[in-house]
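*Asks:*
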Amino acid sequence: MTRTALALIPAALFCLAAAPAPKTAPAKAPPAKAAPAKPAARPATPASPAGPFDAQTPQAFMGLLDAAGAKVRTSRRDGDAVFVAVTSPVADFSMQFAGCDAQGRACKAVLLDSGLDRAAATIAQYNAFNQTSVMCRIYQDKAGVPHVLYSAILFRSMTRDDATTHLQAWQGCLADARDFLKDPVAYLANAA
C-alpha cells in the first residue's frame, strides 16, 4: 500500500464515527390477541418437464441419446459395470458405466468407446495423437482395430447440461479421431 492509501484509512474511520446514528421508529405494542405467525410457505419450484436428472444412472444418458435420435439398449451387466450399446447417425459406440451399485445406479464413471476404420497409422502416431488431445484417446485392440475413447467421472450434482456437454465432447473426439486416421502425418503436423 502507498502512504496516501494508509493515510486515508484513519480519515475514513473518523467519517464513519462522526456520522449520525440512524433513527429507528418507536416500537409498537403487539395487539392484545395476536395469533401466532405461521411460517412462510415455500414457493413451489417448477419441476423439469423431463423430471429430475440423475447423471449417475445409465438411463439418464440413454434418455439424452434417445432424444437425439440414437437407438440405445443395455447390452449387459458385469459386476459393478453396466454396458450400453448405442447406434446413431454419428457413430455406433458403447458406453461402460463403472462403479455402479447392485441396482446398476449410482455409477461413478462412464467410458465411451467406438471402433474406427482401420488405418495405416503406427503405434507411435497413436501415441502422438494421445499427447495432443486433452480428452480423447486412441488405442489399437488385439485385432488391430483402432478405437477412440472418452471418459468422465459422474457426480450426483451433474446437471442435464453437464451430461450434454460430455456427449458433445464425445462427438468432438469422434471427429478428431476420424480426421487423424485420414492423414496422421498432416493431422499431427497441425496439432498444438
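Every position in the sequence shown, counted from 1, becomes a number in the working numbering once 29 is added. Note that the Cβ used here is the ideal one computed from N, Cα and C, for glycine as well.
1) Going by beta-carbon coordinates alone, are residue 204 and residue 93 separated by less than 7 Å?
2) Which residue marks the beginning of the alpha helix (DSSP H) containing residue 211, and which one marks its end?
3) On the three-pair Cβ rule with 8 Å, is the stretch 121-134 touching the stretch 81-96?
4) Are three or more beta carbon pairs between the stretch 138-147 and the stretch 168-179 nearer than 8 Å?
5) Evaluate residue 167 with the Cβ neighbour count: other Cβ atoms within 10 Å of its Cβ, from every protein chain shown; 16 or more gives buried, anything less gives exposed.
6) Quick check on residue 86: does DSSP put it in helix, strand or coil?
7) Please specify which runs of the alpha helix (DSSP H), each continuous and at least 4 residues long, are wholly inside the stretch 80-163, giving them in chain order.
8) Looking at residue 206 and residue 243, is the spacing between their C-beta atoms short of 7 Å?
9) Considering only the alpha carbon of each residue, which of 141, 214, 110 and 81 lies closest to residue 132?
10) How should residue 153 be labelled, buried or exposed, when 16 other C-beta atoms within 10 angstroms of its C-beta is the threshold for buried?
*Replies:* Short version:
1) Taking the first residue of the sequence shown as 1, we reach residue 204 at position 175. Taking the first residue of the sequence shown as 1, we reach residue 93 at position 64. Cβ distance not < 7 Å, so residue 204 and residue 93 don't count as in contact.
2) Along the sequence shown, one-based indexing puts residue 211 at 182. First-last of the alpha helix (DSSP H) with residue 211: 189-211.
3) Short answer: they touch.
4) Touching, yes.
5) Counting from one through the sequence shown, the residue named residue 167 turns up at place 138. Burial call: buried.
6) As a position in the sequence shown, residue 86 is number 57, starting the count at 1. In this structure, residue 86 counts as coil in the three-state DSSP scheme.
7) Runs found: 87-96 and 152-161.
8) This structure does not reach residue 243, given that the chain is present from 30 up to 221, and the question cannot be answered.
9) What you label residue 132 is simply residue 103 of the sequence shown in a count that begins at 1. With distances taken between Cα atoms, residue 132 lies closest to 110.
10) Residue mapping note: residue 153 aligns to position 124 of the sequence shown, counting from 1. Exposed, by the Cβ-count rule.
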